[in-house]
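Trainee: Chains as they are written, first to last, in this note's numbering: chain C, 5 to 351; chain W, 5 to 351.
Protein chains: 2
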Amino acid sequence: MSGDESLIDELLAGEHRALARVITKIENRSPGHRELVSRLHDHTGRAQVVGITGSPGAGKSTLVDKMAATYRERGETVGVIAIDPSSPYTGGAVLGDRIRMASNVGDMDVFFRSMSARGSLGGLSTSTTDAVKALDAFGKDRIIVETVGAGQNEVDIVRMADTVAVLVPPGSGDDVQMLKAGILEIADVFVVNKADLDGADRTVKELREMVHMRDASPMAGHHGAGPSGIDDGEDGDEERQPPIVETVAKTGEGVDELLAVLADHAEWLEATGERDARARQRYADEIRTLLRADSAALVEEELEARGGLEEYVDAVVARETDPYSVADEILAPVAEAVRERREAREN
Amino acid sequence: MSGDESLIDELLAGEHRALARVITKIENRSPGHRELVSRLHDHTGRAQVVGITGSPGAGKSTLVDKMAATYRERGETVGVIAIDPSSPYTGGAVLGDRIRMASNVGDMDVFFRSMSARGSLGGLSTSTTDAVKALDAFGKDRIIVETVGAGQNEVDIVRMADTVAVLVPPGSGDDVQMLKAGILEIADVFVVNKADLDGADRTVKELREMVHMRDASPMAGHHGAGPSGIDDGEDGDEERQPPIVETVAKTGEGVDELLAVLADHAEWLEATGERDARARQRYADEIRTLLRADSAALVEEELEARGGLEEYVDAVVARETDPYSVADEILAPVAEAVRERREAREN
């Protein structure tokens, strides 16, 4: 424990090696990682966290590298976490390459780290949240969470950011259609990257139409319509059409504009109280996710103590019992214990 | 409870109205549904359960209707459950249409039912498993579980079948590529429907290549290679290349052949012991899923008893505590109670 104490002190003192070790402990869910993250929480809340998602080939990593370099030129510190939910391997090679690239900027203040689905996907989402806390507590001004793909798992991970940018490759009419399923709702900003390619204008036009359609739809927004189904318009300020930015990551074109749009969004979050609302939602999600994972672990432990699942499966196959009865048998005593304790506490 | 007792008696006596009411209770997770399914379990295990998935437009529902009608002509009874994980609505209209269609066969022994994602998706998977048990206990010879799309959620649901058929529309080179992600592993049979269309031959050829590639790959099979990475070939009998069947659902062409292939697969499952192995895996999954859902509900109850999540979120925002500490605070007493009971039980 004292080793972890000094690790935290070193991280808070700005030592990148300590930051790297903390994130490794977080990724591996090593003993003590919970206490580490608990201790770091008090130092978080200052960084701007940007999530970047989009289908493979949209040019995410090139754009993120350019964004990081531009922040650095302005004297801001940057942390990048690249997430690959589909891979059980950590991207050691990718990580190496990109750290080298970052070093070209002349310092270590662009901290790159890739994380993958070692354990469960739920675990990856929690690990990412925890790693962002480490970067935030370290004092990074800007944190970018970048996903490899744009599937549901990626969406779940990236939505923990303050601002979510969705990258769309040009000339991808089909892709814009596919975006409708899930990704449209989370986009605070759309980026049409490779905007020098044919079809970029059409993609921008299609995105614009889609954004307008969303706003015109009766399903739009969380604050909009009352029970009458009529939007009184009074809370219209809280709705915000995602801006569409064109970039050419390879040349750096449009990157300044993108950073300006992201800064605007951060200001809007602050001014409307939306930043706080999102933080609250995030903390509620974090607590719920931990409670579920922890209680699942507790149940697993109880199952092991009872000799494992196999005997129960034998009995179910033999029609001596059934899955519901097994679940009741294992959990009824737990539920009873919880209720007894609750009553004792309340009296 | 006595109402549910007579409901079960009526179901076991072959009353379709009782079957429909039981499935409605299962779908709505109505009070008493657990006891109902518990009671039914003893009567299950005889039906052949076929899962059918594939991208929208592959012609699934037409094919399923033809399969059901053909089974009926042979004097076998049939239950069909159509699953739409993406929709929060039950397909009342679709249901109505298809029941009418079934009635054309001249009896009610093709029992159609559509189910959707009313609650959580995990819940839909459990509801589907439970509804299949109701049809099995009722005495249906053949049960078909049909999904609307072919996403991960559909894959999770359809894999509870004994035999999984994956429909592929012709001329869809891209679709065959996309199948590689997740669906290839679960396919026991491939069906190229609309086989009268251009491109069907190419699709069959591509599927054949893909199936061969899978078998040649060192990743193939669950039983294959030992720690040396060399497959000794001794357990090759357990591996089975998914056959590829061509159908034209609209005319009924190829449906007899498909049913023969499905019957072959059922025989193979039985002969190799794979049917039992799959059932065991399924029961283990069922128990784990129920334990997780039930313990999550228990945690939610405890959270409510403590005044809900909001106060905790306030404290996390104020940096007085953090999500890990909150989870520990709520679950530590539960874990302690569980361990005390375990020790008392063991002494």
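Just so it is clear, CB atoms sit at the ideal spot from N, CA and C, and this is done for glycine as well.
1. Counting contacts by CB-CB distance shorter than 8 Å, is residue 2 of chain C in contact with chain W?
2. What do you get for residue 254 of chain W, buried or exposed, if any count of 16 or more other CB atoms within 10 angstroms of its CB means buried?
3. What did DSSP end up calling residue 152 of chain W once you bin it into helix, strand or coil?
4. Looking only at its chain, what residues have a beta carbon closer than 7 Å to the beta carbon of residue 246 of chain W, apart from the 5 residues adjacent to it on each side?
5. Which chain W residues are close to residue 3 of chain C, counting only those with a beta carbon under 8 Å from its beta carbon?
6. Does the beta carbon of residue 9 of chain C sit closer than 8 Å to a beta carbon anywhere in chain W?
7. Answer yes or no: do residue 33 of chain W and residue 127 of chain W have a C-beta to C-beta separation smaller than 8 Å?
8. Report the residue from C:309, C:314, C:317 whose alpha carbon sits nearest the alpha carbon of residue 345 of chain W.
9. Which term fits residue 21 of chain C, buried or exposed, when burial requires 16 or more other beta carbons within 10 angstroms of its beta carbon?
10. Run through DSSP, which three-state label would residue 346 of chain C get?
11. With DSSP run on the structure shown, which of helix, strand or coil describes residue 88 of chain C?
12. Residues of chain W with CB under 7 Å from residue 291 of chain C, in chain order?
13. Applying the criterion that 16 or more other CB atoms from any shown protein chain within 10 Å of the CB defines a buried residue, is residue 327 of chain W buried or exposed?
14. Compute the Euclidean distance between the alpha carbons of residue 50 of chain C and residue 129 of chain C, then round it to the nearest angstrom.
15. Closer than 7 Å by beta-carbon distance: list the chain C residues that pair up with residue 30 of chain W, in chain order.
16. Strictly below 8 Å CB to CB, what residues from chain C border residue 321 of chain W?
17. Does the contact criterion of 3 or more C-beta pairs under 8 Å hold for the segment 40-59 of chain W versus the segment 319-333 of chain C?
18. According to the neighbour-count rule (16 or more other Cβ atoms, all chains shown, within 10 Å of its Cβ), is residue 10 of chain W buried or exposed?
19. Indicate whether at least one CB of chain C lies closer than 8 Å to the CB of residue 201 of chain W.
20. Go ahead and pull the three-state DSSP assignment for residue 213 of chain W.
21. Just to make sure I have the definition right: I need the residues of chain W whose C-beta is within less than 7 Å of the C-beta of residue 339 of chain C. Which are they?
22. May I ask you to verify whether the segment 138-147 of chain C touches the segment 294-308 of chain C, counting CB pairs closer than 8 Å and requiring at least 3?
23. Where do the N-terminal and C-terminal ends of the beta strand (DSSP E) with residue 52 of chain W fall, by residue?
24. Under 7 Å Cβ-Cβ, which residues of chain W neighbour residue 309 of chain C?
25. Nearest to residue 1 of chain C by CA position, among C:31, C:75, C:138, is which residue?
26. Sorted by chain position, which residues of the same chain lie with C-beta nearer than 8 Å to residue 273 of chain C's C-beta, five sequence neighbours on each side aside?
27. For residue 66 of chain W, which residues of its own chain have a beta-carbon under 7 Å away from its beta-carbon, when the five flanking residues on both sides are left out?
28. What residues of chain W sit near residue 46 of chain C, judged by a beta carbon separation below 8 Å?
29. Does any residue of chain W have a CB that is nearer than 8 Å to the CB of residue 38 of chain C?
30. Distance check for residue 27 of chain C and residue 46 of chain C, CA to CA, integer angstroms please.
31. If we ignore side chains and look at the alpha-carbon of each, how far apart do residue 137 of chain W and residue 292 of chain C end up?
32. Among C:336, C:74, C:202, which residue has its Cα nearest to the Cα of residue 262 of chain C?
33. Can you pull the chain W neighbours of residue 294 of chain C, defined as C-beta to C-beta under 7 Å?
34. Can you tell me whether DSSP reads residue 120 of chain W as helix, strand or coil?
35. Can you pull the chain W neighbours of residue 298 of chain C, defined as C-beta to C-beta under 7 Å?
36. So, is residue 52 of chain C buried or exposed, given that buried needs 16 or more other C-beta atoms within 10 angstroms?
Mentor: Quick look at the numbers:
1. Past the edges of chain C, shown from 5 to 351, lies residue 2 of chain C, and the structure says nothing about it.
2. Taking the first residue of the second sequence as position 1, residue 254 of chain W is located at position 250. Residue 254 of chain W is exposed by the Cβ-count criterion.
3. Position 148 of the second sequence, counted from the first residue, corresponds to residue 152 of chain W. Here residue 152 of chain W sits in coil by DSSP.
4. By one-based count along the second sequence, residue 246 of chain W stands at place 242. Correct list, in chain order: 191, 192, 193, 194, 215.
5. The displayed coordinates of chain C run from 5 to 351. Any statement about residue 3 of chain C would go beyond what the structure contains.
6. For the purposes of this step, residue 9 of chain C is identified with residue 5 of the first sequence, where counting begins at 1. Contacts with chain W at 8 Å (Cβ-Cβ) do not include residue 9 of chain C.
7. Looking up residue 33 of chain W in the second sequence gives position 29. Looking up residue 127 of chain W in the second sequence gives position 123. Taking C-beta atoms as the reference points, residue 33 of chain W and residue 127 of chain W count as a pair closer than 8 Å.
8. As a working mapping, residue 345 of chain W is identified with position 341 in the second sequence. Considering only alpha carbons, the answer is C:309.
9. Reading the first sequence from its first residue, position 17 is the one you call residue 21 of chain C. Note on residue 21 of chain C: under 16 other CB atoms within 10 angstroms of its CB, so exposed under the neighbour-count rule.
10. Against the first sequence, residue 346 of chain C aligns to sequence position 342. Helix.
11. Within the first sequence, residue 88 of chain C is the residue found at index 84, counting from 1. Three-state DSSP puts residue 88 of chain C in a strand.
12. One-based indexing of the first sequence puts residue 291 of chain C at position 287. The answer, in chain order, is 313, 316, 327, 330, 331.
13. Taking the second sequence and counting its residues from 1, the one referred to as residue 327 of chain W is at position 323. With 16 or more other Cβ atoms within 10 Å, it is buried.
14. Numbered from 1 along the first sequence, position 46 holds the residue referred to as residue 50 of chain C. Numbered from 1 along the first sequence, position 125 holds the residue referred to as residue 129 of chain C. If I take the Cα positions, the gap works out to 21 Å.
15. As a first step, residue 30 of chain W must be located in the second sequence, where it is residue number 26. For residue 30 of chain W, there are no neighbours in chain C by C-beta distance under 7 Å, as the nearest C-beta there is about 11 Å away.
16. Here residue 321 of chain W refers to the residue found at position 317 of the second sequence. Under the 8 Å cutoff, chain C gives 280, 283, 284, 287.
17. Note that the segment 40-59 of chain W touches the segment 319-333 of chain C; at least 3 beta-carbon pairs, one per stretch, sit closer than 8 Å.
18. To locate residue 10 of chain W, count along the second sequence from 1; it is residue 6. It counts as exposed.
19. Position 197 of the second sequence, counted from the start, is the residue given in the question as residue 201 of chain W. Chain C contact via Cβ: absent.
20. In the second sequence, residue 213 of chain W corresponds to position 209, counting from 1. Three-state result, residue 213 of chain W: helix.
21. Along the first sequence, one-based indexing puts residue 339 of chain C at 335. Residues of chain W passing the Cβ test: 302.
22. Taking 8 Å as the limit for Cβ pairs, the verdict is that the segment 294-308 of chain C does not touch the segment 138-147 of chain C.
23. In the second sequence, residue 52 of chain W corresponds to position 48, counting from 1. Counting along the chain, the beta strand (DSSP E) containing residue 52 of chain W begins and ends at 52-58.
24. Translated into the one-based positions of the first sequence, residue 309 of chain C becomes position 305. Within chain W, the residues near residue 309 of chain C are 346.
25. In the structure as shown, chain C begins at 5 and stops at 351. Residue 1 of chain C is therefore absent and cannot be evaluated.
26. For the purposes of this step, residue 273 of chain C is taken as the residue at position 269 of the first sequence. 166, 167, 279, 282, listed in sequence order.
27. Within the second sequence, the letter at position 62 stands for residue 66 of chain W. Result list for residue 66 of chain W: 253, 254, in chain order.
28. Taking the first sequence and counting its residues from 1, the one referred to as residue 46 of chain C is at position 42. Those within 8 Å of residue 46 of chain C in chain W are 323, 326.
29. As a working note, residue 38 of chain C is residue 34 in the first sequence. Output row for residue 38 of chain C: interface = yes.
30. On the first sequence, position 42 is the one that residue 46 of chain C refers to. On the first sequence, position 23 is the one that residue 27 of chain C refers to. In a straight line, the C-alpha of residue 46 of chain C is about 17 Å away from that of residue 27 of chain C.
31. For the purposes of this step, residue 137 of chain W is taken as the residue at position 133 of the second sequence. For the purposes of this step, residue 292 of chain C is taken as the residue at position 288 of the first sequence. Spanning the two alpha carbons is a distance of roughly 32 Å.
32. The residue labelled residue 262 of chain C in the question sits at position 258 within the first sequence. For the residues C:336, C:74, C:202, the minimum Cα distance to residue 262 of chain C belongs to C:74.
33. Here residue 294 of chain C refers to the residue found at position 290 of the first sequence. Result: 327, 328, 331.
34. Numbered from 1 along the second sequence, position 116 holds the residue referred to as residue 120 of chain W. It is a strand residue.
35. Numbered from its first residue, the first sequence carries residue 298 of chain C at position 294. Per Cβ cutoff of 7 Å: 331, 335.
36. The count along the first sequence starts at 1 and reaches residue 52 of chain C at position 48. Residue 52 of chain C sits buried, since 16 or more C-beta atoms from the chains shown fall within 10 Å of its C-beta.
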